[in-house]
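J.:
Next up, the structure:
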C-alpha cells in the first residue's frame, strides 16, 4: 500500500489530561487566532514579547489608569508613568500587599486589603491616608454612580456622593442572600457584583434608601470568588477564579464555566490559589484574560472569542514557570506590562520575540495521530515517512541568533511520557520565502504525538501540517 498524505491539525488549545495518552496537548507562548478569510481557519501566532520601556525599583503591586494617565504602585511608592515609560513619584503607599484601586477621574482610592486606604488626587498631586473609621481596613474598593463601595468581611460600606474619603455608618449593607463571607465588590455594566466565598449576588443602584442599592432579582451565581485579585473585565464580560477551582466568565446576567476539566484539575493540585492574579487586554481586536498563580509558578491565558477552546500557557525563559508579567493594562494606545519583581515596565509588542531580551521557548504538542486518519481502526499499526509543516518561512534575522531559524520536531510513541530524538527543519533565512519545512522520518507505531518547539527570536507562525502514513505491513 502506498503512503497517503493526510492533514494533521497542529493548532489547538492546551489540554493536558490526567491520563497523558488521552491528551497531552500543550500550547505555550503561542496562541490560536481565528482567520475567517485565511487559507487555514486557525493559526498559531507567537504571543508578543516584552520590550523594556522604563524602570523604578520595587515589586509590582498593581497598575491603574485614571483620566488616560497610567499609574503603578511598586515597592512602597505610587508612580505616574508617561507613554515613554518615564516614572514620576507621586507618593508613598506603605506595605507589600497587592492593591485594589478605583477612581472618579480626579481622585484615586488605593486599598491595601485589610490594612489602610489611601487617596491620591490630581488637584494636589498628593497622597493622603483615609482616616474615616467606616472605610479604613477595607478589603477592596470600586466606583459606581459617583460613589465608592468598600468591602469588609461582613458588610459593604457606600461612600458619600462625590467624596470617596467619607462614609456614613448608615450606608452599610450586609450579605442578605446567603450566609457568606464577603471577598470583594466588583462593578460591571452598572451592576454591583457582591462576591463572597461561596456565592456572587448582583445589586443595583436604586438611588433611594441607606445605602442606595438593592438586590437584583434572579442575579445569583452559586459560585464564589476564590482569589480577590483574579477578577477582571473586558468590554464584553468579567472573569474570576471560582471556589471550585474552575474559571468563570459572566455576561448578560449569566455565568459560564470556561476552564476545561484539564485546567481545573491542574489548579486543584496547587497548594495555594488565593494569590491568583487576573488581568485582561486586547491584541489586534481580540480580548484575552490571563490568570497567573505566583506560588504555584503557572500562568494560563484564554481567548475571549474561543472560550474553552482558546486556552494556552505563558512562561518566561526556556522553562515551564509562570510569565514574568504580573500586571497588564492598556494606556496611550499600547499594552503595558509590569515585571513581577524587578521594577521594569514593558511594552507588550507584536514585533518583539523575546522577554526583556531573553530567549523564550514556544511549544505546541498536537493531538494524537493513529490509524484512524487513514481509515484504519484503533490498535492498527501505521508507518510514517514524513511530516510537512505549513508555516511562514523566510523570517530569519540579518545576524545573530535567528539568522538561520529552525523549528524542532519531536515525537512521542508512548502517550507523551517520553520524547524520541527529533530533527531541526529549517524555517528559512531572511527572504527565503519558498521553503518546505519537512521532517523525513520512517517510523512504525500505534499512536504518536508530535511536539514543535522553538527559541529563536523570530516570527514563528504555524498554520497546518500534513503527514505521510500507511497501514503497517500493507
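Residue numbers (this note's numbering): 1005 to 1478. All C-beta atoms in this analysis are idealised placements derived from N, C-alpha and C, irrespective of residue type, glycine included.
Roughly how many whole angstroms lie between the Cα atoms of residue 1325 and residue 1221?
T.: Within the chain shown, the letter at position 321 stands for residue 1325. Within the chain shown, the letter at position 217 stands for residue 1221. Taking the straight line joining both Cα atoms gives about 43 angstroms.
J.: Of all the beta strand (DSSP E) runs that stay within the bounds of the segment 1250 to 1324, which reach a length of 3 or more residues?
T.: 1251 to 1255, 1258 to 1261, 1281 to 1287, 1290 to 1297, 1302 to 1307, 1315 to 1317, all fully within the segment 1250 to 1324.
J.: Just the Cα atoms here: how many angstroms apart are residue 1365 and residue 1457?
T.: As a working note, residue 1365 is residue 361 in the chain shown. As a working note, residue 1457 is residue 453 in the chain shown. Whole-angstrom Cα-Cα distance: 7 angstroms.
J.: To the nearest angstrom, report how far apart residue 1294 and residue 1306 are at their CA atoms.
T.: Translated into the one-based positions of the chain shown, residue 1294 becomes position 290. Translated into the one-based positions of the chain shown, residue 1306 becomes position 302. About 7 angstroms.
J.: Would DSSP call residue 1139 helix, strand or coil?
T.: Reading the chain shown from its first residue, position 135 is the one you call residue 1139. If DSSP states are grouped into helix, strand and coil, residue 1139 belongs with coil.
J.: To the nearest angstrom, how far is the alpha carbon of residue 1370 from that of residue 1349?
T.: The count along the chain shown starts at 1 and reaches residue 1370 at position 366. The count along the chain shown starts at 1 and reaches residue 1349 at position 345. Their backbone Cα atoms lie some 34 angstroms apart in a straight line.
J.: Would you check if the distance between the CB atom of residue 1112 and the CB atom of residue 1155 is smaller than 7 angstroms?
T.: One-based indexing of the chain shown puts residue 1112 at position 108. One-based indexing of the chain shown puts residue 1155 at position 151. No. Outside cutoff.
J.: Alpha carbon to alpha carbon, what distance is there between residue 1433 and residue 1008?
T.: Here the question's residue 1008 lines up with position 4 in the chain shown. Here the question's residue 1433 lines up with position 429 in the chain shown. Roughly 31 angstroms between the two C-alpha positions.
J.: Specify the secondary structure class of residue 1424 as computed by DSSP and reduced to three states.
T.: Reading the chain shown from its first residue, position 420 is the one you call residue 1424. Note: residue 1424 maps to strand in three-state DSSP.
J.: Cβ atoms of residue 1205 and residue 1181: under 7 angstroms apart, would you say?
T.: Counting from 1 along the chain shown, the entry for residue 1181 is found at position 177. Counting from 1 along the chain shown, the entry for residue 1205 is found at position 201. Cβ atoms of residue 1181 and residue 1205: closer than 7 angstroms.
J.: Is the number of C-beta pairs between the segment 1186 to 1200 and the segment 1142 to 1153 that are closer than 8 angstroms three or more?
T.: Flag = yes, the segment 1186 to 1200 and the segment 1142 to 1153 touch.
J.: What residue range does the beta strand (DSSP E) around residue 1095 cover?
T.: By one-based count along the chain shown, residue 1095 stands at place 91. Residue 1095 -> beta strand (DSSP E) spans 1091 to 1096.
J.: In whole angstroms, what is the alpha-carbon distance linking residue 1333 and residue 1234?
T.: To locate residue 1333, count along the chain shown from 1; it is residue 329. To locate residue 1234, count along the chain shown from 1; it is residue 230. Their backbone Cα atoms lie some 14 angstroms apart in a straight line.
J.: Between which two residues does the beta strand (DSSP E) containing residue 1122 stretch?
T.: Translated into the one-based positions of the chain shown, residue 1122 becomes position 118. 1121 to 1125 is the span of the beta strand (DSSP E), which, as asked, contains residue 1122.
J.: In the DSSP assignment, what are the bridge partners of residue 960?
T.: Examination of residue 960 is not possible in this model, given that the chain is present from 1005 through 1478 alone.
J.: Got a sec, what are the start and stop residues for the beta strand (DSSP E) residue 1452 sits in?
T.: Within the chain shown, residue 1452 is the residue found at index 448, counting from 1. Residue 1452 -> no beta strand (DSSP E), and no H or E assigned at all.
J.: Are residue 1137 and residue 1121 touching if we call contact CB-CB under 7 angstroms?
T.: Numbered from its first residue, the chain shown carries residue 1137 at position 133. Numbered from its first residue, the chain shown carries residue 1121 at position 117. No.
J.: I need the straight-line Cα distance from residue 1114 to residue 1175, nearest angstrom please.
T.: Counting from one through the chain shown, the residue named residue 1114 turns up at place 110. Counting from one through the chain shown, the residue named residue 1175 turns up at place 171. Going by the C-alpha atoms only, they are around 20 angstroms apart.
J.: When the distance is taken between beta carbons, is residue 1090 closer than 7 angstroms to residue 1103?
T.: In the chain shown, residue 1103 corresponds to position 99, counting from 1. In the chain shown, residue 1090 corresponds to position 86, counting from 1. Cβ atoms of residue 1103 and residue 1090: not closer than 7 angstroms.
J.: Can we say the segment 1350 to 1359 touches the segment 1410 to 1424, given the rule of at least three CB pairs closer than 8 angstroms?
T.: The segment 1350 to 1359 is not in contact with the segment 1410 to 1424.
J.: For residue 986, report the span of its beta strand (DSSP E) as first-last.
T.: Since the first residue of the chain shown is 1005 and the last is 1478, residue 986 is not available in this structure.
J.: Beta strand (DSSP E) containing residue 1011: first to last residue?
T.: Residue mapping note: residue 1011 aligns to position 7 of the chain shown, counting from 1. From DSSP, the beta strand (DSSP E) with residue 1011 extends over 1008 to 1012.
J.: Could you give the distance in angstroms between the alpha-carbon of residue 1257 and the alpha-carbon of residue 1209?
T.: Position 253 of the chain shown holds residue 1257. Position 205 of the chain shown holds residue 1209. One C-alpha to the other measures close to 16 angstroms.
J.: State the CB to CB distance for the pair residue 1048 and residue 1015, rounded to an integer number of angstroms; the pair is presumed to be in contact (CB under 8 angstroms).
T.: Here residue 1048 corresponds to residue number 44 of the chain shown, with the count starting at 1. Here residue 1015 corresponds to residue number 11 of the chain shown, with the count starting at 1. Correct: roughly 5 angstroms between the Cβ atoms.
J.: Is it buried or exposed, residue 1211, if we count other Cβ atoms within 10 angstroms and call 16 or more buried?
T.: Counting from 1 along the chain shown, the entry for residue 1211 is found at position 207. Per the 10 Å Cβ criterion, exposed.
J.: Around the C-beta of residue 1493, are 16 or more other C-beta atoms found within 10 angstroms, so that it is buried, or is it exposed?
T.: The structure shown has nothing for residue 1493, since the chain only spans 1005 to 1478.
J.: What does residue 1341 pair with, by DSSP beta-bridge criteria?
T.: For the purposes of this step, residue 1341 is identified with residue 337 of the chain shown, where counting begins at 1. BP columns for residue 1341 point to 1332, 1350.
J.: Going by DSSP, what residues sit across from residue 1068 in a beta bridge?
T.: As a working note, residue 1068 is residue 64 in the chain shown. The partner list for residue 1068 (beta bridge, DSSP) reads 1075.
J.: From this set, 1025, 1101, 1071, 1407, which residue's C-alpha is nearest residue 1345's C-alpha?
T.: Here residue 1345 refers to the residue found at position 341 of the chain shown. If we check each option's Cα against that of residue 1345, 1101 comes out closest.
J.: Considering Cα atoms alone, identify which of 1183, 1145, 1023 is closest to residue 1171.
T.: Here residue 1171 is taken as the residue at index 167 of the chain shown, counted from 1. Out of 1183, 1145, 1023, 1145 has the C-alpha closest to the C-alpha of residue 1171.
J.: Kindly indicate which three-state DSSP category residue 1377 falls into: helix, strand or coil?
T.: Translated into the one-based positions of the chain shown, residue 1377 becomes position 373. In this structure, residue 1377 counts as helix in the three-state DSSP scheme.
J.: At the level of alpha carbons, what is the spacing between residue 1351 and residue 1408?
T.: The residue labelled residue 1351 in the question sits at position 347 within the chain shown. The residue labelled residue 1408 in the question sits at position 404 within the chain shown. Taking the straight line joining both Cα atoms gives about 27 angstroms.
J.: For residue 1224, which residues of its own chain have a beta-carbon under 6 angstroms away from its beta-carbon, when the five flanking residues on both sides are left out?
T.: What you label residue 1224 is simply residue 220 of the chain shown in a count that begins at 1. Counting only Cβ-Cβ distances below 6 angstroms, and skipping sequence neighbours, we find 1205.
J.: Taking residue 1317 and residue 1032 to be in contact with their CB atoms under 8 angstroms, please state how far apart those CB atoms are, rounded to whole angstroms.
T.: What you label residue 1317 is simply residue 313 of the chain shown in a count that begins at 1. What you label residue 1032 is simply residue 28 of the chain shown in a count that begins at 1. Confirmed, Cβ separation roughly 4 angstroms.
J.: Are there 16 or more other CB atoms within 10 angstroms of the CB of residue 1373, so buried, or fewer, so exposed?
T.: Reading the chain shown from its first residue, position 369 is the one you call residue 1373. That one is buried.
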